[in-house]
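Peer 1: In terms of my numbering, the sequence shown opens at residue 554 and continues consecutively.
Quick reminder that beta carbons are idealized off the backbone N, C-alpha and C, glycines included.
Since we're looking at a predicted model, the values are computed, not measured.
The structure under discussion is supplied below as C-alpha cells; questions concerning it will follow.
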Amino acid sequence: MTDSDTDTRLSGRQQSTAEDIEAARETTTKVVENVERVIVGHREEIEHILTALLGRGHILLEDVPGVGKTMLARAVAQSFDGAFKRVQFTPDLLPTDVTGVNVYNQKTEEFEFRPGPVFANVVLGDEINRAPPKTQSALLEAMEEEQVSVDGETHEVPSPFTVIATQNTVERDRTYQLPMAELDRFMKKLSLGYPKLAEENEMLDRVVGNHPIEELEATVALADLRAARETAAGVTVEKPIRSYVTRLAQHTRRHAELGASPRAGIAALRAAQGRAVLEGREYVIPDDVQTEVPVVFPHRIRTESAEATPEQVVQDTLDTVPVE
Numbered sequence: 554m555t556d557s558d559t560d561t562r563l564s565g566r567q568q569s570t571a572e573d574i575e576a577a578r579e580t581t582t583k584v585v586e587n588v589e590r591v592i593v594g595h596r597e598e599i600e601h602i603l604t605a606l607l608g609r610g611h612i613l614l615e616d617v618p619g620v621g622k623t624m625l626a627r628a629v630a631q632s633f634d635g636a637f638k639r640v641q642f643t644p645d646l647l648p649t650d651v652t653g654v655n656v657y658n659q660k661t662e663e664f665e666f667r668p669g670p671v672f673a674n675v676v677l678g679d680e681i682n683r684a685p686p687k688t689q690s691a692l693l694e695a696m697e698e699e700q701v702s703v704d705g706e707t708h709e710v711p712s713p714f715t716v717i718a719t720q721n722t723v724e725r726d727r728t729y730q731l732p733m734a735e736l737d738r739f740m741k742k743l744s745l746g747y748p749k750l751a752e753e754n755e756m757l758d759r760v761v762g763n764h765p766i767e768e769l770e771a772t773v774a775l776a777d778l779r780a781a782r783e784t785a786a787g788v789t790v791e792k793p794i795r796s797y798v799t800r801l802a803q804h805t806r807r808h809a810e811l812g813a814s815p816r817a818g819i820a821a822l823r824a825a826q827g828r829a830v831l832e833g834r835e836y837v838i839p840d841d842v843q844t845e846v847p848v849v850f851p852h853r854i855r856t857e858s859a860e861a862t863p864e865q866v867v868q869d870t871l872d873t874v875p876v877e
C-alpha cells in the first residue's frame with residue numbers, strides 16, 4: 554500500500570474528487586451568503602463555524618453581551634432545512650428539560666418518551682454557563698455520544714447534529730464555569746468582538762422595519778450538508794501535515810500547565826479538512842492548519858501564570874514549530 558493510499562483512507566472514506574469539492578464549496582457559499590443577510594462584518598467567524606460543521610464539531614461562542622452571538626447561531630441554523638431548537642440555560646433548568654422525559658400515557662398504560670430540545674439538527678445552547686453542572690452534562694453527553702440516556706434508555710439524536718453554545722464573559726455571578734474536560738468537547742471557541750463604525754451603521758440600517766432574521770429562509774438541504782461533510786472527511790491529509798499537527802499539540806504541552814489534548818489535534822485536522830473545502834482544494838496544506846489552530850487549541854490550554862495566555866502559547870507554538 555502506498556503512502557497516498559494510507560492518506561486517502563484515514564477516515565475509511567474514498568478521496569474526494571474535484572467535483573465533490575466544488576459541490577461542497579457551493580453548499581458552504583450558499584450558507585455564507587445567507588448568513589450575511591443578517592450578520593454584518595463577521596465573515597471570518599462564519600467560515601470558522603462552517604469548517605466546524607464540516608468537521609462534525611461543536612462551537613462555543615464566548616463574548617460580552619449584545620454583540621450578536623445568538624443571532625449568528627440562529628442565522629446559521631436557519632440556513633438549513635433541518636430542525637433547529639434553542640435552549641435558554643438558567644440555574645433552575647433540569648437535565649430532562651434538555652434531553653426529554655418519559656411521560657405516562659393513561660390510554661396505553663405505558664411510559665412514552667417525550668423528546669427534549671436536544672433532538673434537533675442544530676441546537677443553540679444560550680448562556681450554557683448559567684445552568685448547573687448536571688444540566689450542562691446532559692447537553693455535553695449528546696455532543697460527545699450523539700445520544701442521550703433517560704431512565705436507563707438510550708435515544709439517538711438526529712443526524713447531522715451540531716451544538717452552538719454561547720456564554721457571556723462579563724457575568725460571573727451565579728454561573729457555573731465549564732470544566733476543562735467539558736470545554737474539550739467543543740471543537741472551537743470563537744469571539745465576535747465589537748463591530749467597526751461602518752458595520753454598526755449598516756446593522757442599524759438593516760433592522761429598520763422587520764429584522765432580517767425573521768425573513769431568513771433555508772437555502773441548503775440537510776442532504777447537501779451531509780454530502781459536504783462526507784466530502785470534507787475525504788479530503789487528503791498527507792503524512793507531513795498530520796505530523797505537523799501532532800508536533801504543534803506536543804509543543805503546547807511543554808509550555809503550559811495543561812496543553813492541547815490529543816482530541817485537539819484531531820479537531821484541528823478535521824477543521825483543516827473543512828478549510829480545504831472552503832478554499833476549493835482536495836488536500837490540506839499548512840495554511841489550513843495555521844488558520845484553524847488558533848480557534849481550536851486555546852480553550853483547551855491552561856497556563857501557569859497570567860503573563861502568558863493560552864492564545865500567546867498557541868501563537869508562540871505556530872511561530873516556533875516548523876513545517877517539515
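Under the assumption that Met740 contacts Val849 (Cβ atoms under 8 Å), give the Cβ distance between them as a whole number of angstroms.
Peer 2: Against the sequence shown, residue 740 aligns to sequence position 187. Against the sequence shown, residue 849 aligns to sequence position 296. Between Val849 and Met740 the Cβ distance is about 6 Å, and since that is below 8 Å, they are a contact.
Peer 1: DSSP beta-bridge partners for Gln641?
Peer 2: The residue labelled residue 641 in the question sits at position 88 within the sequence shown. DSSP lists Asp679 as partners of Gln641.
Peer 1: Among Glu662, Gly678, Gln865 and Pro685, whose alpha-carbon lies nearest the alpha-carbon of Gly669?
Peer 2: Translated into the one-based positions of the sequence shown, residue 669 becomes position 116. Considering only alpha carbons, the answer is Gly678.
Peer 1: Determine the DSSP secondary structure at Val716, reduced to helix, strand or coil.
Peer 2: Position 163 of the sequence shown, counted from the start, is the residue given in the question as residue 716. Strand, per DSSP.
Peer 1: So what's Glu663 in DSSP terms, helix, strand or just coil?
Peer 2: Your numbering for residue 663 matches position 110 in the sequence shown. Glu663 falls in the strand class under three-state DSSP.
Peer 1: Quickly, what does DSSP pair Ile612 with across the bridge? List them, please.
Peer 2: Locating residue 612 in the sequence shown gives position 59, where the first residue counts as 1. For Ile612, which the question treats as bridged, DSSP gives the partners Ile717 and Lys741.
Peer 1: Using the C-alpha atoms, what's the distance from Glu877 back to Phe637?
Peer 2: Walking along the sequence shown from the start, residue 637 turns up at place 84. Walking along the sequence shown from the start, residue 877 turns up at place 324. Rounded to the nearest angstrom, the two C-alpha atoms are 43 Å apart.
Peer 1: Assuming Ser744 and Asp616 make a contact with CB atoms under 8 Å, what is their CB distance in whole Å?
Peer 2: As a position in the sequence shown, residue 744 is number 191, starting the count at 1. As a position in the sequence shown, residue 616 is number 63, starting the count at 1. That belief holds up - the Cβ atoms of Ser744 and Asp616 are roughly 5 Å apart, short of 8 Å.
Peer 1: By Cβ distance below 7 Å, which residues in the same chain neighbour Ala771 in space, the five residues on each side in sequence not counted?
Peer 2: By 1-based counting over the sequence shown, the position of residue 771 is 218. Cβ within range, chain order: Gln631, Ser632, Phe633 and Asp634.
Peer 1: Quick check: the region 720 to 729 against the region 671 to 691, are there 3 or more CB pairs under 8 Å?
Peer 2: Yes: the two stretches touch, three or more of their Cβ pairs being nearer than 8 Å.
Peer 1: Excluding sequence positions up to five away, which residues of its chain have a Cβ less than 7 Å from the Cβ of Tyr747?
Peer 2: Within the sequence shown, the letter at position 194 stands for residue 747. Once the five neighbours on either side are set aside, the close Cβ partners of Tyr747 are Val620.
Peer 1: For the putative contact between Val703 and Thr652, defined by C-beta atoms under 8 Å, what is the C-beta separation to the nearest angstrom?
Peer 2: In the sequence shown, counting from the first residue as 1, residue 703 sits at position 150. In the sequence shown, counting from the first residue as 1, residue 652 sits at position 99. That pair is a contact at about 6 Å.
Peer 1: By DSSP, does Ser702 sit in helix, in strand, or in coil?
Peer 2: Indexing the sequence shown from 1 puts residue 702 at position 149. Of the three classes helix, strand and coil, the one that applies to Ser702 here is strand, per DSSP.
Peer 1: Buried or exposed, going by whether 16 or more other CB atoms sit within 10 Å of the CB of Glu698?
Peer 2: The residue labelled residue 698 in the question sits at position 145 within the sequence shown. Exposed, by the Cβ-count rule.
Peer 1: Mind checking who Thr789 pairs with in its DSSP beta bridge?
Peer 2: Mapped onto the sequence shown, residue 789 falls at position 236. Thr789 is bridged to Tyr836.
Peer 1: Suppose the cutoff is 6 Å on Cβ atoms and the five residues either side in sequence are ignored; what does the same chain contact list for Arg816 look like?
Peer 2: Against the sequence shown, residue 816 aligns to sequence position 263. Taken in chain order, the residues that qualify are Asp737.
Peer 1: Spell out a yes or no on whether the region 818 to 828 and the region 860 to 869 are touching, meaning 3 or more CB-CB pairs, one atom from each, closer than 8 Å.
Peer 2: Because the criterion of three Cβ pairs below 8 Å is not met, the region 818 to 828 and the region 860 to 869 do not touch.
Peer 1: By the DSSP assignment, the alpha helix (DSSP H) with Asn754 in it spans what residues?
Peer 2: Taking the sequence shown and counting its residues from 1, the one referred to as residue 754 is at position 201. Start and end: Leu750 to Arg759.
Peer 1: Which value, in whole angstroms, describes the spacing of the CA atoms of His804 and Val846?
Peer 2: In the sequence shown, residue 804 corresponds to position 251, counting from 1. In the sequence shown, residue 846 corresponds to position 293, counting from 1. Computed Cα separation, rounded: 13 Å.
Peer 1: So what does DSSP say about Leu603, is it helix, strand or coil?
Peer 2: Residue 603 sits at position 50 when you count from the first residue of the sequence shown. Looking at Leu603 - three-state DSSP - the assignment turns out to be helix.
Peer 1: Does the pairing of the region 772 to 790 with the region 580 to 591 give three or more beta-carbon distances under 8 Å?
Peer 2: Touching, yes, given that three or more Cβ pairs across the two stretches are closer than 8 Å.
Peer 1: Nearest-angstrom Cα distance between Thr555 and Thr784?
Peer 2: Here the question's residue 555 lines up with position 2 in the sequence shown. Here the question's residue 784 lines up with position 231 in the sequence shown. Low confidence applies here, because Thr555 scores a pLDDT of 43, under 50, leaving its location unreliable and the question unanswered by this model.
Peer 1: For Asn587, report the span of its alpha helix (DSSP H) as first-last.
Peer 2: Position 34 of the sequence shown, counted from the start, is the residue given in the question as residue 587. It spans Ala571 to Val588 - the alpha helix (DSSP H) in which Asn587 sits, taken as one unbroken run.
Peer 1: Among the candidates Arg639, Arg596 and Ala802, whose CA atom is the shortest distance from the CA of Val676?
Peer 2: Your numbering for residue 676 matches position 123 in the sequence shown. Comparing Cα positions, the closest option is Arg639.
Peer 1: Which complete alpha helix (DSSP H) runs does the region 789 to 875 hold, if anything under 4 residues is left out?
Peer 2: Within the region 789 to 875, the complete alpha helix (DSSP H) runs of at least 4 residues are 792 to 807, 815 to 831, 839 to 849 and 863 to 873.
Peer 1: Since Glu904 and Leu693 should fall inside the 8 Å C-beta cutoff, what is the C-beta to C-beta distance between them, to a whole number of angstroms?
Peer 2: Coverage of the chain is limited to positions 554 through 877, which leaves residue 904 absent and any answer about it impossible.
Peer 1: Using the DSSP secondary-structure output, state which residues sit across from Gly619 in a beta bridge.
Peer 2: By 1-based counting over the sequence shown, the position of residue 619 is 66. Paired residues: none, contrary to the question.
Peer 1: Between Ala576, Lys792, Val760 and Val788, which lies nearest to Asp777 when the distance is taken from Cα to Cα?
Peer 2: Numbered from 1 along the sequence shown, position 224 holds the residue referred to as residue 777. That would be Ala576, whose Cα lies nearest to the Cα of Asp777.
Peer 1: Which residue from Glu706, Ser690, Val788 and Gln689 puts its Cα closest to that of Glu665?
Peer 2: Residue numbering aside, residue 665 sits at position 112 when the sequence shown is read from its first letter. Nearest option by C-alpha distance: Glu706.
Peer 1: Apart from the five residues on each side of it in sequence, which residues of its chain come closer than 8 Å, Cβ to Cβ, to Ala571?
Peer 2: Start at 1 with the first residue of the sequence shown, and residue 571 comes out as number 18. Cβ within range, chain order: Glu835.
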